[in-house]
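Working notes for the structure below.
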Amino acid sequence: MSLMKNILATSALSLSLGLASLASAQDYQPDPNAKPGGNIIVTYKDDVATLDPAIGYDWQNWSMIKSVFDGLMDYVPGTTELRPGLAESYEISDDGTTFTFKLRQGVKFHNGREMTAEDVKYSLDRVTTPATQSPGAGFFGSIKGYDAMADGSATSLEGVTVVDPYTVKIELSRPDATFLHVMALNFASVVPKEAVDEYGTDFGKHPVGTGAFKLADWTIGQQLVLQKNADYWRSGVPYLDSITFEVGQEPIVALLRLQKGEVDVPGDGIPPAKFNEVMGNPDEAKQVVVGGQLHTGYITLNVEMAPFDKVEVRQAINMAINKDRIVQMINGRATPATQPLPPSMPGYTKDYAGYPFDPAKAKEMLAEAGLPDGFETELYVMNTDPNPRIAQAIQQDLAAIGVKADIKALAQANVIEAGGTPKTAPMIWSGGMAWIADFPDPSNFYGPILGCAGAVEGGWNWSWYCNKDLDAMATEADSITDPAKQDERLQKWSDVYMKVMEDAPWVPVFNENRYTMKSTRMGGADALYVDPVSIPVNYDYVYVTE
Amino acid sequence: MLAYLIRRLIQAALILLGVSFITFFLLFVLPADPVRQIAGRSATPETVANIRHQLGLDQPFVVQYWRYLTGLFQGDMGRSYLQKTEVATLIAARLPATLLLMLGAIVAELIMGLTLGIVAAIRRGGALDQSLMITSFVAVSAPQFVVGLLLLYVFAVKLSWFPIGGYGSFSNLVLPALTLGIMGSGWYSRMMRSSMIDVLRSDYIRTARAKGLRRFRVLALHAMPNAILPIIAMIGIDIGIFMSGIVVVESVFGWPGIGQLAWQAIQRVDIPIIMGVTLVSACAIVLGNLLADLITPFIDPRIKLR
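Chains as they are written, first to last, in our numbering: chain Y, 1 to 546; chain C, 1001 to 1306.
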């Protein structure tokens, strides 16, 4: 898989010390067949909530925001490889705590004003100010002065300094090997103060950025049109003149319209009920691009609730689940998982086979744990297809070893609530709410969902697993900022996840694949249609052929 | 009459107050936390606490409800938690589409329902009458989701007579209006049939016949107007029935009305939007019923409002 290679390259890159002028070599090679012009139609079922980069945090607006705004860092299209964005180059101090970014000159916001270091500082202050209510504020926790911002005692981040109009210096309170990835998150996008002041809370409906596209029209509940930014600072892109996002379209209707040539990309994907039909038709299957994604679907076992407080019981459950059958149930749209990290994530342990599917052994282990007759428990699950069906498969697997699980199928918000309430949900199937990485780094799969920080009321660590030793190992791994020791860092992360598997707070079930369908007139490399950071497609680089 | 109207309006206000209280209370006790939806999965506990505090969701129920109510009386329906836009703006942007769809549905159900009812009444007892009444029964019972997809598949996908969903022109309106109107047409056809049968039995019709008037003239000019009148009063009540149907129909056809808005908001616990749409719908239902009552005396002078 080429994706894997790229991700491995990324991490090495992210740790380069000294002056890094990293353009050319790894950067994107323009497509010689690309033709400028044209409009594409992308459909969605739900409204676009906001285009404010400090607020937007769903997979629908994530890539739209990427096309309207830029941050200091960015990814090579179609890969998880970091490349400089609004920063032309950057420098990292030897101790890994000071980042100095040199900005590109002459970059203009959509309102015509030039972007400078003041805007970078303003944007970071804005996203970390409690008043902004940014869901991503916590990502900036390693910047010096973050805590003072969070508790309201400061109005500006102490660690961010404007050196000159084109240089900004960011000091961290601790070494953070993931900081360049953080600067590539949408939350770190650069916004112009005057536009935010003008629109206030409505900035998300009147976005002004430096990105490849600017907002042309937004009819609430109907459509949103992005128009090419002719002054875009990256030359040659975007290719498309405009993109129309039509909202309120059921996935099944979007598919019918695509088949009639009225839609170019159904943003919500192929509806599960139509999946076999589409993939079974050679012409239509050709319009589908398949790729991996940084996703793992898992069952959490609440270690604070008996009998899941016993490690033998958790291991037994791990051996009882027939993952292959679950993958078959979703038409093979996934790969069985052995561990928390997905295979394309650096730090994934390749030679680990995971717990075998062995109900006999599982039953034996339950007996050894003092539960020869099994026990009764509850399995929480989100109530949208295919999750209740998957829960039934899990229920049957558990019944085979004498465990009687009651299925609680609830709306997403209710499952999330139960997961974050102490001693409430003994088991949760994560489908529909599963973890998809914010950025391609192994640390992103630990803290909130397996670390002590997430095992709190309202947290996302639904197994309530808190191992202080592993937390310490994780912190240690993330303080390794020396690129020469990159392998050591990944090895540490691999060790962390292997220890997690020994304690078995999760049953990792599968890693979902991504299937993006597109009209026949859409052009551009397949990688752009399964871009790991731009879902469903990388709008800046795709084009139309007619 | 005026006293009646004032009394009804006061009643309506109380009903709306009750609706607002019950809805707000249900959303308050719901085991789903809106702050978790806003904060997302990567938020730290401080961020979650901060958002909860800023939205006033850490306050007791009474305080929260009072705040909402006082805002409402000042014309402020609040801001969407997730979209950050004012709820009034979101609803205002979508309300015309819903009203248009309802109007279309009323026209559709009247045309279908009345025609079928009249035909059935004329052919009373015959095979046509019976099959029409079975059809109307099916129409009343058919799930709108299925009807919508069926119409969409046959008339938009296969025959290409109409666009596949969307909004903006008359051709976009036809299928969703039919889907929403089909259920009502079932009711109307049955009511029209019995109303028509009553009228056809009455003395003045017999007189008209006896005078030697042509059958069509008797039906069209003498019987129908009188048979239709009691049915007109029902339209006000339809608005309430439509309110439950628009959520489904708007979703299937991508119709940008408030039903879609409500559905999205419910899934993400966006309380200000849920409250706003509920209150607007409740207003529509209350007004619809009031209108139906007000019209009745004009149709049947024997009824007096007091």
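All C-beta atoms in this analysis are idealised placements derived from N, C-alpha and C, irrespective of residue type, glycine included.
(1) Here's the rule: buried if 16 or more other CB atoms are within 10 angstroms of the residue's CB, otherwise exposed. What is Y/Arg83?
(2) Looking only at C-alpha atoms, which of Y/Pro272, Y/Gly374, Y/Glu171 and Y/Gln491 sits nearest to Y/Asp397?
(3) Here's the rule I'm using: 16 or more other beta-carbon atoms within 10 Å means buried, otherwise exposed. How should Y/Asp324 be labelled?
(4) Ends of the alpha helix (DSSP H) at C/Ile1231?
(5) For Y/Gly136, return the contacting residues in chain C, with the cut-off set at a CB-CB distance below 7 Å.
(6) Do you know how far the Cα of Y/Tyr57 is from the Cα of Y/Ala49?
(7) Since Y/Asn513 sits in a beta bridge, which residues does DSSP pair it with?
(8) By the 10 Å Cβ neighbour count, where 16 or more other Cβ atoms means buried, how is Y/Ala472 classified, buried or exposed?
(9) Is the CB-CB distance between C/Asn1226 and C/Val1199 below 7 Å?
(10) Please check if any C-beta of chain C sits within less than 7 Å of the C-beta of Y/Trp464.
(11) Of all the CB atoms in chain D, is at least one closer than 7 Å to the CB of Y/Asn281?
(12) Considering just the uninterrupted stretch of the beta strand (DSSP E) at Y/Trp218, what are its terminal residues?
(13) I'd like to know if the region 410-420 of chain Y and the region 444-462 of chain Y are in contact, where contact means that at least 3 CB-CB pairs between them fall below 8 Å.
(14) Just to confirm, is the Cβ distance from Y/Thr481 to Y/Pro175 under 7 Å?
(15) Output yes or no for whether 7 Å exceeds the beta carbon distance between C/Asn1050 and Y/Pro130.
(16) Nearest chain C C-beta to Y/Asn414 closer than 7 Å, yes or no?
(17) Out of curiosity, what's the CA-to-CA distance linking Y/Trp493 and Y/Thr178?
(18) Check the Cβ of Y/Gln249 against every Cβ in chain C and list those closer than 8 Å, keeping chain order.
(19) Please decide whether C/Lys1158 counts as near chain Y, where near means a Cβ-Cβ distance under 7 Å.
(20) Name the residue from C/Ser1169, C/Ile1091, C/Leu1030 and C/Arg1214 whose alpha carbon lies nearest to the alpha carbon of C/Phe1061.
(21) Could you confirm whether any beta carbon from chain Y is found closer than 7 Å to the beta carbon of C/Leu1082?
(22) Between Y/Leu410, Y/Leu180, Y/Asn39 and Y/Gly347, which lies nearest to Y/Gly91 when the distance is taken from Cα to Cα?
(23) Looking only at DSSP bridge pairs, what is Y/Trp506 linked to?
(24) Three-state secondary structure (DSSP) at Y/Lys102?
(25) Can you pull the chain C residues whose beta carbon is under 7 Å from the beta carbon of Y/Asp46, in chain order?
(26) Threshold first: 3 residues or longer. Then list the beta strand (DSSP E) segments lying entirely within the region 370-454 of chain Y, N to C.
(27) Along chain C, which residues have their Cβ under 8 Å away from the Cβ of Y/Lys144?
(28) Could you give the DSSP three-state label for Y/Tyr75: helix, strand or coil?
(29) On the DSSP letters alone, give me the boundaries of the beta strand (DSSP E) that Y/Ile41 sits inside.
(30) With a threshold of 7 Å between beta carbons, is Y/Pro448 in contact with chain C?
(31) Compare the Cα-Cα distances from Y/Phe69 to each of Y/Gln29, Y/Pro336 and Y/Val120 and report the closest residue.
(32) Please say whether Y/His110 and Y/Val208 have beta carbons closer to each other than 7 Å?
(33) Quick check on Y/Pro84: does DSSP put it in helix, strand or coil?
(34) Determine the DSSP secondary structure at Y/Leu224, reduced to helix, strand or coil.
(35) So is Y/Pro130 in contact with chain C if we call contact Cβ pairs under 7 Å?
(36) Taking the straight line between their C-alpha atoms, what separation do you get for C/Gly1056 and Y/Thr201?
The short version:
(1) buried
(2) Y/Gly374
(3) exposed
(4) Met1224 to Ile1232
(5) Ser1042
(6) 9 Å
(7) Y/Gly292
(8) exposed
(9) yes
(10) no
(11) Included in the structure are the protein chains Y and C, with no chain D among them.
(12) Phe213 to Thr219
(13) yes
(14) yes
(15) yes
(16) yes
(17) 13 Å
(18) Gly1165 and Gly1254
(19) no
(20) C/Leu1030
(21) yes
(22) The question names Gly, but residue 91 of chain Y in the sequence shown is Glu. Residue Y/Leu180 is the option with its Cα nearest to Y/Glu91.
(23) Y/Thr300
(24) strand
(25) Gln1264
(26) 376-382, 404-410 and 427-429
(27) By Cβ distance, chain C contributes nothing, its closest Cβ being about 17 Å from Y/Lys144, past 8 Å.
(28) strand
(29) Asn39 to Thr43
(30) yes
(31) Y/Val120
(32) yes
(33) strand
(34) strand
(35) yes
(36) 17 Å
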